[in-house]
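If you read the sequence shown in the working numbering, its first letter stands for residue 1, the second for the next number, and so on. Here a beta-carbon is modelled for each residue, glycine too, at the ideal position from N, C-alpha and C.
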Amino acid sequence: MSLPAAPPAARHADDAVPDPADRPVFSEYESEPVPPHARRRTASVAAVWLGFPMILTCAVFGGLVVHSLGFWAGMGAIAVGTLVLMVYVGALSYLAGRSGESFALMAMRTFGAKGYVVPAAFLATVVIGWFAFQTGLTGSTLHGSLGWDQTTTTLVAGILFVAVTLLGIRALSWIGVIAAPLYLVLGAVAIAIVATRPGAELQSAPAGGAGALSFGAAVTLVVALFADSGTMTADFTRWARSGRQAVLASLAAFPFGNAIALVVGGLIVALGGATDPGTAGGDFLGILVAQGGALVPLAVLFVVVNLGSVCAHCLYNGAVGWSQLTGMRMRRTTLVLGAVGVVLAVAGIWTYFEVWLNLLGVIVPPIGAVLIVDQLLLAPRRAAASAAGTASASVRGPWRAPAFVAWIVGAGAALAAHAYADFLSTAVVGLVVAAIALVAADALGRVRAPLGAAVEAGEVRS
1 MSLPAAPPAA
11 RHADDAVPDP
21 ADRPVFSEYE
31 SEPVPPHARR
41 RTASVAAVWL
51 GFPMILTCAV
61 FGGLVVHSLG
71 FWAGMGAIAV
81 GTLVLMVYVG
91 ALSYLAGRSG
101 ESFALMAMRT
111 FGAKGYVVPA
121 AFLATVVIGW
131 FAFQTGLTGS
141 TLHGSLGWDQ
151 TTTTLVAGIL
161 FVAVTLLGIR
171 ALSWIGVIAA
181 PLYLVLGAVA
191 IAIVATRPGA
201 ELQSAPAGGA
211 GALSFGAAVT
221 LVVALFADSG
231 TMTADFTRWA
241 RSGRQAVLAS
251 LAAFPFGNAI
261 ALVVGGLIVA
271 LGGATDPGTA
281 GGDFLGILVA
291 QGGALVPLAV
301 LFVVVNLGSV
311 CAHCLYNGAV
321 GWSQLTGMRM
331 RRTTLVLGAV
341 GVVLAVAGIW
351 TYFEVWLNLL
361 GVIVPPIGAV
371 LIVDQLLLAP
381 RRAAASAAGT
391 ASASVRGPWR
401 APAFVAWIVG
411 AGAALAAHAY
421 ADFLSTAVVG
431 LVVAAIALVA
441 ADALGRVRAP
451 LGAAVEAGEV
461 RS
């Protein structure tokens, strides 16, 4: 005799007594797609991305580009690089908003149920390197500008940034709402101060001794600034209610926020306001501090909020990625990774990160290109082949060989361009070559699959 079925409201313990940790306000959905009821408004998701690129680091690099190329050529490189990011991040955001999946879950579709671990662990580790770098930079910047003890400042800032990240996606929206207007106001103040100095004039030609960057290298520099977190945009835009809304949210950063941040730095250099444009680019913090008065505490707030926005976003990326890989909850992972990053920052090891982090940034864009081409263009074919029973083992298996081949070929092409053709944009080279390589590998797999099936059936005879 069978027992009567439980009433619908009591069939699952989670339905009868909801676990607060699983409610949308608490859960970050680390290992599953964000459900429809937990999705957020477009403005909320846009705020997450808006404040991320509007940072002092972008002003530095915007100034470096203008110092090397001159104002108008520099603006051209900034425009091209930002448009590349707009298309790249927008396409990945569309996939995330459509599926609600994090970067790691998206990578599982393309690289395989086991293969996804490689790109997911790689990127989740790289962004923790950036967290350590930016945390150390916070202490270094405040020490250089105000004389604060660097170790103590770095430690306190790191703890604060970890605490913000623990609050999850909602905190990233809040900090974006604060960081973007603060950057706009103080950036405008710095430009006004420089522009009203006696003899101030917009210099359109490259400065003497400049020219270390080619136009292509400048475009790569712009793209590389957000190659890592841009590739992991799904961790942010999966919260959008649709693919279209995710794209709209990403536009807040690319082109708008990113371009504004870079142009501010470029203007500071072009107007002659930078003290060391060849090294510090368009860093305008010193301009604000030198005015004294109310601008000093505002400058301190600016540094903490500005670099804190970067740190919280990078740590969130890393925590979501490693949560999927380890099965830990996002907040516990945040504490572990945050502790590692803060220790690296306080120990000063962060000063050795920039060169290799930028180099890794060259080989990251091909990952995104593989995801875009695979899931937007090739997925329907793969689904049809799987339904017909003609999909190759590389498509059906836990490791998808075509995706890895395309990533390796694209990264190799980017590194070759970086070494032997620096007039090209290595980031664009990597994107294009990886996309072509995946299409070619997929076509080869579709040709071989029927042949293999025919051999197994004995239809091809020697």
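Going by Cα to Cα distance, which pick from the options is closest to residue i?
{"i": "Tyr352", "options": "Gly136, Thr57, Tyr94 and Ala192", "result": "Gly136"}
{"i": "Ile178", "options": "Ala47, Met75, His143 and Ala252", "result": "Ala47"}
{"i": "Thr110", "options": "Pro402, Ala190 and Leu424", "result": "Pro402"}
{"i": "Leu64", "options": "Pro380, Leu335, Ala261 and Gly341", "result": "Ala261"}
{"i": "Ala411", "options": "Ala369, Asp422 and Tyr316", "result": "Ala369"}
{"i": "Phe284", "options": "Val189, Thr151 and Ser44", "result": "Val189"}
{"i": "Glu30", "options": "Phe61, Leu335, Leu344 and Glu101", "result": "Glu101"}
{"i": "Arg331", "options": "Ala253, Val162, Val304 and Thr231", "result": "Val162"}
{"i": "Leu288", "options": "Gly278, Val300 and Pro277", "result": "Val300"}
{"i": "Phe236", "options": "Tyr316, Trp399, Leu360 and Ala113", "result": "Tyr316"}
{"i": "Gly168", "options": "Arg329, Ala421, Leu415 and Leu359", "result": "Arg329"}
{"i": "Ala132", "options": "Leu376, Ala345 and Ala121", "result": "Ala345"}
{"i": "Pro35", "options": "Ser99, Gly62, Ile193 and Gly293", "result": "Ser99"}
{"i": "Leu360", "options": "Gly115, Ala38, Phe122 and Arg41", "result": "Phe122"}
{"i": "Gln134", "options": "Ser309, Leu335 and Pro398", "result": "Ser309"}
{"i": "Ser229", "options": "Pro206, Ala253, Ala212 and Leu377", "result": "Ala253"}
{"i": "Leu295", "options": "Leu186, Trp148 and Gly278", "result": "Leu186"}
{"i": "Glu32", "options": "Arg40, Gly321 and Gln375", "result": "Gly321"}
{"i": "Gln291", "options": "Leu267, Gly397 and Arg197", "result": "Arg197"}
{"i": "Arg41", "options": "Gly62, Arg244, Val343 and Leu155", "result": "Arg244"}
{"i": "Pro206", "options": "Val355, Gly278 and Leu172", "result": "Gly278"}
{"i": "Ala79", "options": "Ala437, Gly348, Ala339 and Val263", "result": "Val263"}
Taking the alpha-carbon positions, what's the residue i to residue j distance?
{"i": "Ala240", "j": "Ala91", "result": "14 Å"}
{"i": "His67", "j": "Ala200", "result": "16 Å"}
{"i": "Trp350", "j": "Cys314", "result": "15 Å"}
{"i": "Arg170", "j": "Cys311", "result": "15 Å"}
{"i": "Gly281", "j": "Thr153", "result": "24 Å"}
{"i": "Thr165", "j": "Leu444", "result": "44 Å"}
{"i": "Met54", "j": "Leu225", "result": "12 Å"}
{"i": "Gly74", "j": "Thr138", "result": "27 Å"}
{"i": "Ala21", "j": "Glu28", "result": "Note that Ala21 has pLDDT 40, beneath the 50 cutoff, so the model's placement of it is unreliable and the number below is only indicative. Cα to Cα, the separation comes out at about 9 Å."}
{"i": "Ala180", "j": "Trp174", "result": "10 Å"}
{"i": "Ala43", "j": "Leu325", "result": "30 Å"}
{"i": "Leu202", "j": "Met106", "result": "46 Å"}
{"i": "Ile159", "j": "Leu213", "result": "37 Å"}
{"i": "Pro297", "j": "Leu184", "result": "17 Å"}
{"i": "Val455", "j": "Gly397", "result": "With a pLDDT of 44 at Val455, under the threshold of 50, the predicted position of this residue should be treated as unreliable, though the coordinate-derived value follows. When rounded, the distance between both Cα atoms is 20 Å."}
{"i": "Asp374", "j": "Met232", "result": "16 Å"}
{"i": "Phe423", "j": "Phe61", "result": "18 Å"}
{"i": "Ser269", "j": "Ala157", "result": "Per the sequence shown, residue 269 should be read as Val rather than Ser. Going by the C-alpha atoms only, they are around 29 Å apart."}
{"i": "Leu415", "j": "Ala421", "result": "10 Å"}
{"i": "Ala339", "j": "Leu155", "result": "10 Å"}
{"i": "Val343", "j": "Leu377", "result": "43 Å"}
When you compare the CB of residue i with every CB in chain B, is at least one pair closer than 7 Å?
{"i": "Glu28", "result": "Among the chains in the structure shown there is no chain B, since it carries only a single protein chain."}
Can you name, in chain order, every residue of its own chain whose Cβ lies under 6 Å from the Cβ of residue i, other than the five neighbours on each side?
{"i": "His418", "result": "Val362 and Thr426"}
{"i": "Gly318", "result": "Ala124, Val127, Ile128 and Leu337"}
{"i": "Leu56", "result": "Asn306"}
{"i": "Pro365", "result": "Ala227, Ala427, Gly430 and Leu431"}
{"i": "Asn258", "result": "Pro53 and Thr82"}
{"i": "Met108", "result": "Tyr116"}
Got a sec? Which residues, its chain only, sit under 7 Å from residue i by beta carbon, not counting five neighbours each side?
{"i": "Pro255", "result": "Thr82, Leu83 and Met86"}
{"i": "Ala77", "result": "Val65, Leu69, Phe215, Ala218, Val219 and Val222"}
{"i": "Gln150", "result": "Gly139, Ser140 and His143"}
{"i": "Val117", "result": "Leu325"}
Is the separation between the beta-carbon of residue i and that of residue j shorter than 7 Å?
{"i": "Ala249", "j": "Trp49", "result": "yes"}
{"i": "Ile408", "j": "Pro119", "result": "no"}
{"i": "Ala379", "j": "Val405", "result": "no"}
{"i": "Leu146", "j": "Ala195", "result": "no"}
{"i": "Phe71", "j": "Ser204", "result": "yes"}
{"i": "Val439", "j": "Ala413", "result": "no"}
{"i": "Ser242", "j": "Gly97", "result": "yes"}
{"i": "Phe103", "j": "Ala234", "result": "yes"}
{"i": "Gly176", "j": "Gly293", "result": "no"}
{"i": "Gly327", "j": "Ala59", "result": "no"}
{"i": "Ile193", "j": "Leu267", "result": "no"}
Go through its chain and collect everything with a Cβ distance to residue i's Cβ below 8 Å, but skip five positions before and after it.
{"i": "Leu372", "result": "What sits at residue 372 in the sequence shown is Ile, not Leu. For Ile372, where only same-chain residues beyond five positions count, the Cβ hits under 8 Å are Tyr88, Ala91, Leu92, Leu95 and Ala435."}
{"i": "Leu251", "result": "Ala46, Met86 and Gly90"}
{"i": "Arg400", "result": "Thr110, Phe111, Gly112, Gly115 and Ser394"}
{"i": "Gly335", "result": "Strictly speaking, residue 335 in this sequence is Leu, with Gly absent from that position. Correct list, in chain order: Val162 and Leu166."}
{"i": "Arg39", "result": "Gly100, Trp239, Ala240 and Arg241"}
State yes or no: is the C-beta of residue i nearer than 6 Å to some heavy atom of the ligand FMN?
{"i": "Thr125", "result": "The model depicted lacks the ligand FMN and carries no ligand whatsoever."}
Extract the residue ranges of the alpha helix (DSSP H) inside the stretch 283 to 317, only unbroken runs of 4 or more that lie entirely within it.
285 to 290
Which runs of the alpha helix (DSSP H), 4 residues or longer, sit entirely within the stretch 225 to 249?
227 to 231 and 234 to 237
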